[in-house]
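Participant: If you number the sequence shown the way UniProt numbering does, the last residue is 654 and the count never jumps.
Can you read through this structure? Questions will come right after.
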Amino acid sequence: MTAQESFTPMMIESSQSFDERIGVAELLVILRRQAKIAVFIVLAVMSAALYYLSTVEERFVTRAMLVLTQQETRIDRALAQLESFDLSRSIVETELDVLRSREFAASLAERLSLDDEPAFARAADAPPISEAERQAVLIDKLLASYSVSRSGESLAIEIVAETADPELTAAIANGVAETYIQRTTSERRSEIQRSVTFLEARVEEMSADVGAMEMKIADFVRENNLDDPTRLNRLVAEQMQLTTLLTTIAGDPGRSAEVRRSEADLAEAEDRLRRHTSASLSLGGMERALELEQTRYQQAISRLYELETQLDFVPRSARHVTEARVPVEPDWPNTKVALALSFLAAVILAFVASLLFEALNRRVWSEMDIKRLTGLTNVGSVARIPRRGIMRRKPTPLQFLSTDPRSVFNEGLRGILTLWLNVYRTSRSKVIMVTSSLPNEGKSTVALSLAGSAARDGLRVLVLDLDVHDQGVTELAGDKQASMSLQWMVDKIDKIDKEEDPPELGEPPIMKHASEEHSEVGADEQPRRLAEGLDLVTVGAQGRLNPHLLMEVKAKLFPHLRTQYDLIVIDTPPVLVLNDACRFGSLADAVLVVVRWGRTKSDELRETHARLNRSGAHVFGTILNDVDPRKQLRYQTGGYLGSSAYGKNLPGKA
C-alpha cells in the first residue's frame, strides 16, 4: 500500500465524520464575535422606538359589523326576470374588494362630508393642487383609516376604523356599513328599473309586430280567397267532373277537338286547386308564427308586471348588526407594550443579523471551514511572522527561523513535517508541491519555511521555484540568481550517470554541474545553497513544461533528484491564475494548498481543490497560513496556536 493510499481513508473518514450542525456553544461564539453589531442593532431599535412613541399621535379604534344576506338577487339578462343565488366564497371576497375600492371610498367621503374634517383637510401652507389630485389624496387617507375582513367562511364582515378623532372614527365605521347597504340597494333598484324600461320598450315593439302580422294574414286571405270555406270543395268537384268527362270521350276519334278542350280545362282546374292548397298551407305557417309571437308578447307583459312589482320592494343585501361606538381611550400608543415588543424585535433582529453576517463571511477561518468546503484535512497552521524594529519590517522566513527557533511559527512547520514523515514513510515519497488559490496567500513563504525547517532538522532539501512569473521563493531567499532550464537539467542527467568520480561530499551532482555550467557568468548567478542542506533552483520562463518535457522530467530528472535529496519542495503559481500548478501536480507525491487565514474565500478554495482533483494531483491537505494566534483564540476560529503555554512564546515575545 502506498503512502497516498494510506492517507486517503483518513481524509474520507474526517470528511464523513464532520458535523455541520451548530450547537448552543457555537451560537454563543457567533454572538460574541458579532457582539458589536448586535448591541448596535438593539440600541438603534430601542432608540427609534422611543423617538417614535414620543412623536406619534394618539389613535382611536372602533369596530362595526355587517352581515351579508345568504342569497343574492339578480336580473337574468336572457330571461329578463329575477333570480336568487346562494352566496359563494368568490362573491363574498368580491364584496370585500368593493368595500376597499376607491369608488366606494369616494361615495363614503361624500356621505360623511369629509372635505370639512380637519383630519382629512390639506394644510394651509401646502402647495396648491388640482381638484382631482385633492380628491385622490382624500380617498387615500380615507382608505388608510379603515379595514374590512371576515373570519373563515362567515358572512359577517368586520369593519375596523382608526383615526385621531374618536367621533370621526365611529362615523367612518358606521358610514362604511350604511353606505354599502345604501349603494347595493340602490344598484339593485336601478338594475330592476333598467330591466323594466327595457321590457316596456320590448312589449311595445312586440305589440306592433303582432298587429303587423295580423294585417298581413288578413291581406293574404283576401288575395287568395281563403275566406270562402266552400271554395276547396268546388275546386275538387270541378277537377273530378273534368277528369270523368275526359275519360268518357278520350276513345272517340270524332270528338278529338272536344278532348283537347277538356284537357286544357282540366289542367287549368288542377292549377287553381294547387294554388289554393299552397295558399292554405302558407296561411297555416303565418298563423302559427302569429300565435308564437302572441305567446312571447304575453310572457313579456307578465315579466314586466313582475318587475314593476319588485320596484316597490327591493331586498337588502346586508344588515348592519353592530354599530360602532365612540371610543373613550386611545388604542395607540401603549408605551409599555410597544417598548417590550420593540426590545423583543431588536433581540431577534440582532440575532438574525449576527447569523447573517456570519453566513456572509465567505472567508476561511478554521480547519472546520476547510473540512466543510473540501473534506480535506488541515495538516497544520503557520503563525504570522511579526514585524520588528523601528521600521516595522518583516524578516525573511529563513532569518526568522534562525533568530527565533522556538517560536510558534517554527513549531507549526515542524508539526507539518512530522505529519508528512509519519504518513509518507517510503523512500520514494519525497516531493511536495506547495500552491495556493490566488497570489498573496503566502505559498512561497510556506514553501521556503518548510524547506528551511526540514534542513534545520538534518534533511537534505531542494527547493524548485517553478513560479516563473513571480519567483517568490527566489525573492524571499535574498539575492536574485540566474534561472535554470528544466530541459538543461534533463540533458545533464546522462552526463551525471556516466561520471565515474563521485561528487564532493554534501554537493549533489546536479548542483555540481549547474555550478560548472554557470561559472562563466559569475558566482552570483549560479544556483546556490541557501543554508546547510538547503538548495534552491530557480526555473525560468524558458523552462515551462510541455507534455513531452513533463514525461522526461518525471522519467529522468526526478528519479535522480529523489536519490540526492530527502525532501523536494516545489513552489508553483496559484491554481486559479495559471494552469501551471495543475500540470506540475503530476510531478509531486502530494500537494499542499496554502490557505491564508481570514483572507482566502470559500469558493476560491473549493474551486482550487476541484481543479487539482481534475488534473490528477494528489492533494495531501491544506496549510492555514498567516494565523494571528491572539485573534484566533479570541474569536475561537479553531486551532490552538494562541492557547496555554504557547502564548508565552508568541512571535515577537521571545
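For each residue, glycine too, the CB sits at the ideal point set by N, CA and C.
(1) Is it the case that the region 429-447 contacts the region 527-538, given that we only count it when at least three CB pairs across the two stretches are under 8 Å?
(2) By DSSP's criteria, Asp-535 is part of a beta bridge. Which residues make up the other side?
(3) Can you name the residues that DSSP bridges to Val-594?
(4) For Leu-549, report the span of its alpha helix (DSSP H) as first-last.
(5) Gln-193: which of Glu-93, Gln-399, Val-314 sits nearest, CA to CA?
(6) For the beta strand (DSSP E) containing Asn-378, list its first residue and its last residue.
(7) I believe Asp-566 touches Leu-464 by the beta-carbon criterion, under 8 Å. Please report the beta-carbon distance rounded to the nearest angstrom.
(8) Apart from the five residues just before and just after Leu-376, which ones in its own chain have a Cβ nearer than 7 Å to its Cβ?
(9) I'd like to confirm the pairing. Which residues does DSSP put opposite Lys-601 in its beta bridges?
(10) List the endpoints of the continuous beta strand (DSSP E) containing His-320.
(11) In angstroms with no decimal places, state the Cα-to-Cα distance between Val-379 and Ala-451.
(12) With DSSP run on the structure shown, which of helix, strand or coil describes Ala-588?
(13) Work out the CA separation of Val-24 and Met-551 for me, nearest whole Å.
(14) Closest to Lys-394 by C-alpha separation, out of Asp-626, Phe-584, Val-203, would be which residue?
(15) Do you know whose CA, among Val-203, Glu-329, Arg-222, Ala-44, lies nearest Thr-163's CA?
(16) Hey, would you say Ser-342 sits closer than 8 Å to Ala-49, going by beta carbons?
(17) Count the other CB atoms, across all protein chains shown, that sit within 10 Å of the CB of Phe-40; report buried if there are 16 or more and exposed otherwise.
(18) Could you check whether the region 317-324 touches the region 173-183, counting it as contact only if at least three pairs of C-beta atoms, one from each stretch, sit closer than 8 Å?
(19) Between the region 295-309 and the region 272-286, do at least 3 Cβ pairs fall closer than 8 Å?
(20) Tell whether a beta-carbon distance below 8 Å holds between Leu-373 and Ser-602.
(21) May I ask whether a heavy atom of the ligand GDP can be found less than 7 Å away from the beta carbon of Trp-597?
(22) Sorted by chain position, which residues of the same chain lie with C-beta nearer than 7 Å to Arg-202's C-beta, five sequence neighbours on each side aside?
(23) What are the partner residues of Ala-126, as DSSP defines its beta bridges?
(24) With DSSP run on the structure shown, which of helix, strand or coil describes Asp-571?
(25) Helix or strand or just coil, what does DSSP make of Arg-406?
(26) Which runs of the beta strand (DSSP E) fall wholly inside the region 126-174 and span at least 3 residues, in chain order?
(27) In angstroms with no decimal places, state the Cα-to-Cα distance between Leu-27 and Val-382.
(28) If we count Cβ pairs, one from each stretch, closer than 8 Å, do we get three or more for the region 151-159 versus the region 53-69?
(29) Below 8 Å on the Cβ atoms is my contact criterion, and I expect Arg-100 with Val-148 to pass it. Report the Cβ-Cβ distance as a whole number of Å.
(30) For the candidate residues Leu-292, Glu-117, Leu-143, Phe-60, whose alpha-carbon lies nearest to that of Val-98?
(31) Taking buried to mean at least 16 other C-beta atoms within 10 Å of its own C-beta, is Ala-38 buried or exposed?
(32) Tell me which same chain residues have a C-beta within less than 8 Å of the C-beta of Glu-263, skipping the five on either side of it?
(33) Would you mind sorting Val-461 into buried or exposed? The rule is 16 or more other CB atoms within 10 Å of its CB.
(34) With distances taken Cα to Cα, identify the nearest neighbour of Met-368 among Glu-117, Gln-34, Val-595.
(35) For Thr-184, does the three-state DSSP call read helix, strand or coil?
(36) By a C-beta neighbour count over all protein chains shown, 10 Å radius and 16 as the cutoff for buried, is Gly-412 buried or exposed?
Facilitator: So, from the listed chains and residues:
(1) Taking one beta carbon from each stretch, the region 527-538 and the region 429-447 have fewer than 3 pairs nearer than 8 Å; the two do not touch.
(2) Its beta-bridge partners are Leu-462, Arg-529.
(3) Ser-436, Ile-623
(4) 547-552
(5) Val-314
(6) Counted as a single uninterrupted DSSP element, the beta strand (DSSP E) harbouring Asn-378 occupies residues 378-383.
(7) The C-beta distance from Asp-566 to Leu-464 rounds to 15 Å, too long to fall under 8 Å, and the pair is not in contact.
(8) Met-11, Ile-370, His-609, Val-619, Gly-621, Thr-622
(9) Partner(s): Arg-363.
(10) Start and end: 318-322.
(11) 16 Å
(12) coil
(13) 54 Å
(14) Asp-626
(15) Glu-329
(16) yes
(17) That one is exposed.
(18) yes
(19) No, the region 295-309 is not in contact with the region 272-286.
(20) A contact, by the Cβ cut-off of 8 Å.
(21) With respect to the ligand GDP, the structure offers nothing, as it holds no ligand at all.
(22) Ala-300
(23) Partner(s): none; Ala-126 has no beta bridge.
(24) strand
(25) coil
(26) 146-150, 156-163
(27) A direct Cα-Cα distance of roughly 27 Å separates Leu-27 from Val-382.
(28) In short, these stretches touch, since the Cβ pair count reaches three.
(29) Between Val-148 and Arg-100 the Cβ distance is about 6 Å, and since that is below 8 Å, they are a contact.
(30) Leu-143
(31) buried
(32) Leu-246
(33) buried
(34) Of the listed residues, the one whose Cα sits closest to Met-368 is Val-595.
(35) helix
(36) So Gly-412 ends up on the buried side.
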